[in-house]
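Right, one structure below, let's go through it.
Numbering (the working numbering), first residue to last: 2 to 616.
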């Protein structure tokens with residue numbers, strides 16, 4: 002058995018993981034990042050539109066402040082977020098944006114003079130001041146009161162990740178790629194590292210560390226249609242849930258992005274609408290202004306996606322061989338704008354759709370995109386249930402986004418949370434005394450090796466892994482999509498329990514040797530179905546509509562009973578998660594109220610409300 006020791010172990014080498022690794026390496030600690038893919042292929046590189054930070058440099062952002070950013074974030078979350086975390090984030094984001102500039106991110110900058118901007122498809126002119134020339138510019142994103150989304154054309158994630166990876170390499174951070182964490186090594190009280198499988202050879206390796214960070218991204222690939230990369234299948238969440246003591250927060254909070262291409266499900270950035278793009282129906286008529294007169298295409302993502310799905314239900318979608326869709330129109334922005342500030346959108350349209358967005362409409366529909374739920378942490382990134390375990394980025398629920406993430410907040414969160422959590426890990430490691438018991442390590446490795454051997458030897462297996470995954474896809478698509486209801490969710494829970502039993506009876510069709518994707522899926526699939534059950538059970542229990550969680554049978558936002566965060570754990574031998582609840586926020590600087598968009602009735606909180614449902 003190979004054992005590798007380091008001070009800090011980062012599971013994931015995306016923007017959050019490497020930002021934390023940089024913080025730890027700068028303090029002189031040894032850091033290893035485990036990654037399914039080479040670091041620069043992490044899903045952070047796919048983020049297009051930008052990062053929110055209240056710099057207030059451009060004419061359309063004048064008067065912006067962290068206070069306004071905080072308010073927009075809380076409203077965007079539909080009052081489901083931790084307001085202490087939202088305040089910490091809004092205050093820290095401008096610092097991290099400037100830090101990225103120092104690392105070499107080529108932010109678009111203010112150019113003095115009169116410029117043409119678009120809102121709702123209509124052009125207007127604005128004077129950019131000479132004294133602000135050269136400062137970091139910002140564009141409009143949904144749900145914001147000011148233009149504060151800093152951007153590097155529409156390749157912001159790519160630019161930020163490459164800059165951070167270069168800094169990590171400069172500091173000696175080691176990235177072990179083509180490696181996958183199967184489980185956490187722990188004694189029920191303290192996390193000591195992880196059991197990791199080489200995707201090249203199939204060998205199991207024990208990585209031991211004083212501090213372990215889970216920054217493996219989201220679990221969007223539980224859904225058949227997702228903008229996420231194939232690596233975003235919840236591996237870090239599974240490892241945490243399988244400890245039996247670490248809770249997952251708000252797993253029912255799954256976001257659907259309004260504009261993914263049809264049929265490829267590739268993201269078309271919100272920057273298209275922020276820069277002035279509009280949505281059209283089958284008659285090539287703009288429609289969102291009828292539902293959202295104030296914000297239209299720039300309401301928050303949950304609202305826009307919901308109205309798009311509603312409009313398609315009304316028979317206004319464009320029929321096609323892959324289902325109905327709508328049109329995104331950016332033609333009026335002009336060739337220069339599209340070929341420069343939206344150049345990745347231009348490239349993907351031409352490469353994957355065979356169309357030119359300068360002259361043609363882009364077929365889009367709402368598609369699963371982001372997971373607000375994740376591994377529950379405190380505001381320093383320390384995970385509940387195990388000492389020495391931390392989480393950051395989309396893998397975590399610390400809880401910035403509540404029940405709806407504002408576009409541009411997640412990429413900014415990766416560097417903000419990465420920096421904060423990295424600093425906290427340094428403090429922990431410098432004060433920690435950790436004993437690594439070889440028997441405990443051998444037991445954890447042996448448990449995972451037994452799972453691998455059982456699959457290779459075909460003991461009791463009858464099910465095809467890919468068929469089981471398709472069945473899970475079907476359930477989530479039917480029960481836990483944009484609109485939800487009690488009967489579908491109840492049926493979904495029962496079906497997923499059956500699928501969970503099937504996932505533990507998989508028989509490989511290949512020999513499972515070497516770099517074998519079927520074996521990798523078979524090992525992960527039972528855990529993926531457990532995550533799906535956390536999503537559907539949480540959605541069934543939450544009898545209200547809040548943010549992205551839209552119950553057709555409970556259309557009101559219920560602040561009286563549901564200003565709470567769902568916590569899901571998986572007891573040993575259980576066939577479904579155990580759900581408990583905690584207050585969404587300990588403090589309420591911004592009391593619950595109207596978002597200013599989205600409509601819907603609200604059942605107000607009572608002045609004495611401080612308990613979870615049933616308490």
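For every residue, glycine included, the Cβ atom is placed at its ideal position computed from N, Cα and C.
Item to complete: With DSSP as the reference, label residue 360 as helix, strand or coil.
Response: To locate residue 360, count along the chain shown from 1; it is residue 359. The answer is coil: DSSP assigns residue 360 none of H, G, I, E or B.
Discussion item. For residue 36, list the residues DSSP reports as bridge partners.
Written reply: Within the chain shown, numbered from 1, the residue matching residue 36 stands at position 35. Residue 36 pairs with 178.
Worksheet item: Taking the C-alpha atoms as reference points, what is the distance between residue 331 and residue 340?
Response: The residue you call residue 331 lines up with position 330 of the chain shown. The residue you call residue 340 lines up with position 339 of the chain shown. Taking the straight line from one Cα to the other gives about 12 Å.
Discussion item. Extract the residue ranges of the alpha helix (DSSP H) inside the region 41–84, only unbroken runs of 4 or more that lie entirely within it.
Written reply: 67–77
Worksheet item: With 16 other CB atoms within 10 Å as the buried threshold, where does residue 345 fall?
Response: Translated into positions along the chain shown, residue 345 becomes position 344. Flag for residue 345 reads buried.
Worksheet item: Tell me which same chain residues have a C-beta within less than 7 Å of the C-beta of residue 481, skipping the five on either side of it?
Response: As a working mapping, residue 481 is identified with position 480 in the chain shown. 255, 493, 536, 537 and 540.
Practice prompt. State the DSSP-derived secondary structure class of residue 93, mapped to helix, strand or coil.
Written response: For the purposes of this step, residue 93 is identified with residue 92 of the chain shown, where counting begins at 1. It is helical.
Item to complete: Would you mind sorting residue 150 into buried or exposed? The rule is 16 or more other CB atoms within 10 Å of its CB.
Response: Here the question's residue 150 lines up with position 149 in the chain shown. Residue 150 is buried by the Cβ-count criterion.
Worksheet item: What three-state label does DSSP hand residue 14 in the structure shown?
Response: Reading the chain shown from its first residue, position 13 is the one you call residue 14. Looking at residue 14 - three-state DSSP - the assignment turns out to be coil, as it is neither helix nor strand.
Worksheet item: Over what stretch of residues does the beta strand (DSSP E) that includes residue 477 continue unbroken?
Response: Sequence index remark: in the chain shown, residue 477 carries index 476 (1-based). Where residue 477 is concerned, there is no enclosing beta strand (DSSP E), although the alpha helix (DSSP H) it sits in stretches over 466–480.
Worksheet item: Is residue 433 near residue 393, with beta carbons less than 8 Å apart?
Response: Position 432 of the chain shown, counted from the start, is the residue given in the question as residue 433. Position 392 of the chain shown, counted from the start, is the residue given in the question as residue 393. No.
Discussion item. Am I right that residue 223 and residue 477 are in contact with their C-beta atoms under 8 Å? What's the rounded C-beta distance?
Written reply: As a working note, residue 223 is residue 222 in the chain shown. As a working note, residue 477 is residue 476 in the chain shown. That belief holds up - the Cβ atoms of residue 223 and residue 477 are roughly 6 Å apart, short of 8 Å.
Worksheet item: I think residue 9 touches residue 212, with their Cβ atoms under 8 Å apart; what is that distance to the nearest whole Å?
Response: The residue you call residue 9 lines up with position 8 of the chain shown. The residue you call residue 212 lines up with position 211 of the chain shown. About 5 Å separates the two Cβ atoms, so the contact holds.
Discussion item. If contacts are defined as beta-carbon pairs under 8 Å, then residue 407 and residue 68 qualify, I think. What distance do you get, rounded to the angstrom?
Written reply: For the purposes of this step, residue 407 is taken as residue 406 along the chain shown, with counting starting at 1. For the purposes of this step, residue 68 is taken as residue 67 along the chain shown, with counting starting at 1. Between residue 68 and residue 407 the Cβ distance is about 15 Å, and since that is not below 8 Å, they are no contact.
Practice prompt. For residue 230, collect the residues of the same chain with a Cβ closer than 6 Å to its Cβ; drop the 5 residues on either side in sequence, then sort them by chain order.
Written response: Here residue 230 corresponds to residue number 229 of the chain shown, with the count starting at 1. Hits under 6 Å: 44.
Fill in: Simplified DSSP assignment, three categories, for residue 546
Along the chain shown, one-based indexing puts residue 546 at 545. Here residue 546 sits in coil by DSSP.
Worksheet item: Between the Cα of residue 134 and the Cα atoms of 173, 160, 60 and 171, which residue gives the shortest distance?
Response: Looking up residue 134 in the chain shown gives position 133. That would be 60, whose Cα lies nearest to the Cα of residue 134.
Worksheet entry | Buried or exposed (CB count within 10 angstroms, at least 16 for buried), residue 286 | The residue labelled residue 286 in the question sits at position 285 within the chain shown. Flag for residue 286 reads exposed.
Practice prompt. Output the boundary residues of the alpha helix (DSSP H) element that contains residue 430.
Written response: Numbered from 1 along the chain shown, position 429 holds the residue referred to as residue 430. Run containing residue 430: 410–432, per the alpha helix (DSSP H) assignment.
Worksheet entry | Continuous beta strand (DSSP E) assignments of at least 3 residues falling wholly in the region 155–213 | 175–178, 180–187 and 192–199
Fill in: First and last residue of the uninterrupted alpha helix (DSSP H) at residue 488
For this step, residue 488 is matched to residue 487 along the chain shown. Here the alpha helix (DSSP H) through residue 488 covers 487–504.
Worksheet item: From what residue to what residue does the beta strand (DSSP E) around residue 315 run?
Response: Your numbering for residue 315 matches position 314 in the chain shown. Unbroken run through residue 315: none, as it is neither H nor E.
Worksheet item: With burial defined as no fewer than 16 other Cβ atoms inside 10 Å of the residue's Cβ, what is the status of residue 90: buried or exposed?
Response: Residue mapping note: residue 90 aligns to position 89 of the chain shown, counting from 1. With 16 or more other Cβ atoms within 10 Å, it is buried.
Worksheet item: Straight-line CA distance for residue 82 to residue 501?
Response: As a position in the chain shown, residue 82 is number 81, starting the count at 1. As a position in the chain shown, residue 501 is number 500, starting the count at 1. Cα-Cα distance, rounded: 31 Å.
Worksheet item: For residue 616, which residues of its own chain have a beta-carbon under 7 Å away from its beta-carbon, when the five flanking residues on both sides are left out?
Response: As a working note, residue 616 is residue 615 in the chain shown. Confidence at residue 616 is low in this model, with a pLDDT of 39, below 50, so its placement is unreliable and no value can be given for it.
Item to complete: Counting only the same chain and skipping the five closest in sequence on each side, list residues whose C-beta sits under 7 Å from that of residue 555.
Response: To locate residue 555, count along the chain shown from 1; it is residue 554. Cβ within range, chain order: 544, 545 and 546.
Practice prompt. Taking the CB atoms as reference points, tell me whether residue 329 and residue 363 lie closer together than 8 Å.
Written response: By one-based count along the chain shown, residue 329 stands at place 328. By one-based count along the chain shown, residue 363 stands at place 362. Yes. Within cutoff.
Worksheet item: Would you report the Cα separation of residue 597 and residue 280, rounded to the nearest angstrom?
Response: The residue you call residue 597 lines up with position 596 of the chain shown. The residue you call residue 280 lines up with position 279 of the chain shown. Looking at the two C-alpha atoms, the distance is approximately 21 Å.
Discussion item. Starting from residue 330, trace the beta strand (DSSP E) in both directions and tell me its first and last residue.
Written reply: Within the chain shown, the letter at position 329 stands for residue 330. Residue 330 -> beta strand (DSSP E) spans 327–330.
Worksheet item: Can you find a C-beta in chain B that's less than 8 Å from the C-beta of residue 116?
Response: The question asks about chain B, but that chain is absent: this structure has only one protein chain.
Worksheet item: Which class does residue 279 belong to by DSSP, given the choice of helix, strand or coil?
Response: Counting from one through the chain shown, the residue named residue 279 turns up at place 278. Looking at residue 279 - three-state DSSP - the assignment turns out to be strand.
Item to complete: Give the straight-line distance between the Cα atoms of residue 248 and residue 209, rounded to the nearest whole angstrom.
Response: Against the chain shown, residue 248 aligns to sequence position 247. Against the chain shown, residue 209 aligns to sequence position 208. Cα-Cα distance, rounded: 22 Å.
Item to complete: Excluding the 5 residues preceding and the 5 following residue 77 in the sequence, name in chain order all residues of the same chain whose CB lies nearer than 6 Å to its CB.
Response: Here the question's residue 77 lines up with position 76 in the chain shown. Once the five neighbours on either side are set aside, the close Cβ partners of residue 77 are 144, 301, 405 and 407.
Worksheet entry | First through last residue of the beta strand (DSSP E) which encompasses residue 114 | Within the chain shown, the letter at position 113 stands for residue 114. Taken as a continuous stretch (DSSP letters only), the beta strand (DSSP E) holding residue 114 covers 114–120.
Fill in: Counterpart residues of residue 555 in DSSP-defined beta bridges
As a first step, residue 555 is located in the chain shown; it is residue number 554 there, counting from the start. Paired residues: 552.
Worksheet entry | Start and end residues, beta strand (DSSP E) containing residue 376 | Position 375 of the chain shown, counted from the start, is the residue given in the question as residue 376. Here the beta strand (DSSP E) through residue 376 covers 375–377.
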